[in-house]
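J.: My structure is below; once you've seen it, I'll send some questions.
Chains as they are written, first to last, in my numbering: chain F, 1 to 246; chain L, 1001 to 1317.
In structure tokens:
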């Protein structure tokens, strides 16, 4: 039940966006991928979802190559939420969420309701998505991933559009998914959220894995200076940290 | 069958018998001499053909808009209709159209060539933007060659035939055209229905669709096949009939849950209804020579398209 990269190199056009990266992720935990803009976070997440073929190395699930899996089988096991939350047609929230069940030929019984509940959108289920706020839209799109009932949930910046309250609610839903044995992998820009809520943090810098450890170690003050070029320090207790500069 | 499909099926059931009676001469089955002969050999094949073509164009439009995630998309964007038209024009230019089978066969060959070119390009890359541009290039090339054929036309008769034919019509069509179009359009709509669920996934963008298990290349093949057969067969038997593929999915969309898969069958039925009604109207209009169906639909279509653009400025579709 591991999702792993070994010696993974990814290219976009001629540019090398991830270089020789190895990491094995376990289910039941929240793993955060952090790094400055252009560090290769989204590319790594796409490759772990089996959407970008490796230029070199392998991306594997349970030891088998992701590239060798049939698209539908891969889709049943890995749910992926891209950064751009595109919704082309003005569907109802319920129909949007139900799209998550497509790899199974339709959502399982109660999966749509469960997913809506997990992101607190039950009451808006019949609303057209065009009437939702940015945060509600982002939560509906995440619920779409939940509705597929995947073993792995890979989400690119799922918290960026959310207010503080809903960030915590969505993190609680993701934590619950992890507690039930799913693997959760998030690209996060907010280092404090990664510090306080992830079990493990991968720090990427220019396509290379700079750190891979528990948050307190991976996001040390030293790493933040080296990778982001910002002199900052952590305040507060473990689990309730705040990052401040100056 | 969803609500919209039932609605348009019911309307079609009402409109179809009326269309048989409508024409320059209104038929009273009890009184008109030779009523059965006129109905069976002239009006019935024409109405059946209107339904077949409308269904193919409507379903193709719905699939095309779903694929490009754009309510302004038209099946003509793939370049299949202009290439089919070029094939037909070539047969008229060379004077092959004397045999009634040759013109549709040339048109189908043109559609097939467009499909092959698209597949060749899709086999290399498969991105939606590149593919659409390729379709537009094929359309523009076919348009230029058609214009060239018109300017270099061997005699005034061929010229007039080409120009008349390009403005699609169902005048004097027989069971032969029905036999050509029906199986191809049916296969085409079948292929588009197979593409329905992947098109739903594409609502979330190409990356999300792939993560939901959609094979984008297979989807593209299905669409090229489905639209190629449906549109190619329509052009082969009726010439260019524009705007149906653009307008119909629009009229239907608000009546559905707006998922692309919910749109294909109702759009086929609504397209059939629209072409059937439009063809009945051009037959009834008291003009010296019958208004060409393609022209009539464009006359309705162009203002509609403009209205749509103006509405879209304020409102999400």
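For each residue, glycine too, the CB sits at the ideal point set by N, CA and C.
For residue 1029/L, count neighbouring Cβ atoms within 10 angstroms of its own Cβ and tell me buried if that reaches 16, exposed if not.
T.: Exposed, by the Cβ-count rule.
J.: Could you list the residues in the stretch 1211-1229 of chain L with a C-beta less than 8 Å from some C-beta on chain F, going in chain order?
T.: Listed in sequence order: 1211, 1212, 1213, 1214 and 1215.
J.: So residue 1244/L packs on residue 1274/L, CB below 8 Å; how close in whole Å?
T.: So it is a contact: roughly 6 Å between Cβ atoms.
J.: Look at residue 1080/L and residue 1114/L and say whether their C-beta atoms are less than 8 Å apart.
T.: Closer than 8 Å, so yes.
J.: When DSSP labels each residue in this structure, what does residue 1025/L get in the three-state scheme?
T.: Looking at residue 1025/L - three-state DSSP - the assignment turns out to be coil, as it is neither helix nor strand.
J.: Please decide whether residue 152/F counts as near chain L, where near means a Cβ-Cβ distance under 8 Å.
T.: Chain L, which has no Cβ nearer than 8 Å to the Cβ of residue 152/F, makes this no.
J.: Checking contacts by CB at 8 Å: is residue 1257/L closer than that to chain F?
T.: True, the Cβ-Cβ gap to chain F drops below 8 Å.
J.: For a contact defined as C-beta to C-beta under 8 Å, what are the partners of residue 1200/L on chain F?
T.: By Cβ distance, chain F contributes 99 and 102.
J.: For a minimum of 4 consecutive residues, which ranges assigned as the alpha helix (DSSP H) are wholly contained in the stretch 1028-1098 of chain L?
T.: Counting only runs of 4 or more, we get 1035-1038, 1044-1068 and 1080-1093.
J.: Going along the chain, which unbroken runs of the alpha helix (DSSP H) with 4 or more residues stay wholly within the stretch 120-151 of chain F?
T.: DSSP runs (the alpha helix (DSSP H)) wholly in the stretch 120-151 of chain F: 134-147.
J.: Looking only at its own chain, which residues have a Cβ that is under 7 Å from the Cβ of residue 1317/L, when we skip the five neighbours before and after it?
T.: Interpretation of residue 1317/L is limited by its pLDDT of 47, a score under 50 that renders its predicted location unreliable; the figure taken from the coordinates is listed afterwards. Cβ neighbours of residue 1317/L beyond the five flanking positions: 1071.
J.: Anything in the stretch 162-179 of chain F with a Cβ closer than 8 Å to a Cβ of chain L? List those residues in chain order, please.
T.: Those residues of the stretch 162-179 of chain F that come within reach of chain L (Cβ to Cβ, closer than 8 Å) do not exist; the list is empty.
J.: Select from the stretch 53-77 of chain F all residues with a C-beta closer than 9 Å to any C-beta belonging to chain L, and list them in chain order.
T.: The stretch 53-77 of chain F vs chain L, Cβ under 9 Å: 70, 71, 72, 73, 74, 75 and 76.
J.: Let me check understanding here. Comparing Cα to Cα, which of 1252/L, 1256/L, 1238/L and 1260/L lies closest to residue 1297/L?
T.: Checked all of 1252/L, 1256/L, 1238/L and 1260/L; the closest Cα to residue 1297/L is 1238/L.
J.: Measuring straight from C-alpha to C-alpha, what distance separates residue 131/F and residue 1258/L?
T.: Spanning the two alpha carbons is a distance of roughly 15 Å.
J.: Could you spell out where the beta strand (DSSP E) holding residue 33/F opens and where it closes?
T.: Element bounds for residue 33/F: 30-34.
J.: For residue 213/F and residue 200/F, I'd like the C-alpha separation in whole angstroms.
T.: So the two alpha carbons sit approximately 6 Å from each other.
J.: Measuring only between beta-carbons, confirm whether residue 1204/L sits less than 8 Å from chain F.
T.: At least one chain F Cβ lies under 8 Å of residue 1204/L.
J.: Hey, how far is the Cα of residue 229/F from the Cα of residue 156/F?
T.: For residue 229/F and residue 156/F, the distance between alpha carbons rounds to 23 Å.
J.: Examine chain L for any beta-carbon lying closer than 8 Å to the beta-carbon of residue 160/F, and answer yes or no.
T.: With 8 Å as the cut-off, residue 160/F does not count as an interface residue toward chain L.
J.: Can you grab the Cα-Cα spacing for the pair residue 16/F / residue 39/F, in whole Å?
T.: C-alpha separation (whole angstroms): 11 Å.
J.: Check whether the stretch 111-129 of chain F and the stretch 1268-1284 of chain L are in contact - that is, three or more C-beta pairs closer than 8 Å.
T.: The stretch 111-129 of chain F is not in contact with the stretch 1268-1284 of chain L.
J.: In the DSSP output, what is residue 6/F paired with across the bridge?
T.: For residue 6/F, which the question treats as bridged, DSSP gives the partners 58/F.
J.: Just the C-alpha distance for residue 1048/L and residue 1014/L, rounded to the nearest angstrom, thanks.
T.: Spanning the two alpha carbons is a distance of roughly 14 Å.
J.: Say whether the stretch 1158-1170 of chain L touches the stretch 1083-1095 of chain L, bearing in mind that this needs 3 or more beta-carbon pairs closer than 8 Å, one atom from each stretch.
T.: Touching, yes, given that three or more Cβ pairs across the two stretches are closer than 8 Å.
J.: Determine the contact status of residue 129/F and residue 96/F, defining contact as a CB-CB distance below 8 Å.
T.: Yes, these two residues count as a Cβ contact at 8 Å.
J.: For a test of the three-state rule: what should DSSP assign to residue 197/F, helix, strand or coil?
T.: It is helical.
J.: Could you pull the DSSP bridge partners for residue 81/F from this structure?
T.: Bridge partners of residue 81/F: 155/F.
J.: Tell me which same chain residues have a C-beta within less than 6 Å of the C-beta of residue 122/F, skipping the five on either side of it?
T.: Contacts found: 116.
J.: Pairs of beta-carbons, one from the stretch 1253-1272 of chain L and one from the stretch 1187-1202 of chain L, closer than 8 Å: are there three or more?
T.: Counting Cβ pairs under 8 Å, three or more are found: they touch.
J.: Buried or exposed for residue 1093/L, going by 16 or more other Cβ atoms inside 10 Å?
T.: It counts as buried.
J.: Under 7 Å, CB to CB, which of the residues in the stretch 1040-1070 of chain L have a partner in chain F?
T.: The stretch 1040-1070 of chain L vs chain F, Cβ under 7 Å: 1069.
J.: Are three or more beta carbon pairs between the stretch 1182-1196 of chain L and the stretch 1219-1230 of chain L nearer than 8 Å?
T.: Result yes; three or more Cβ-Cβ pairs closer than 8 Å.
J.: Which stretch, first to last residue, makes up the alpha helix (DSSP H) that contains residue 1207/L?
T.: Unbroken alpha helix (DSSP H) run through residue 1207/L: 1206-1211.
J.: Check whether the Cβ of residue 1147/L sits closer than 7 Å to any heavy atom of the ligand ADP, and report yes or no.
T.: Ligands displayed in this structure: none; no statement on the ligand ADP is therefore possible.
J.: Could you tell me the distance, in whole angstroms, from the CA atom of residue 1143/L to the CA atom of residue 1240/L?
T.: Going from the Cα of residue 1143/L to the Cα of residue 1240/L covers about 12 Å.
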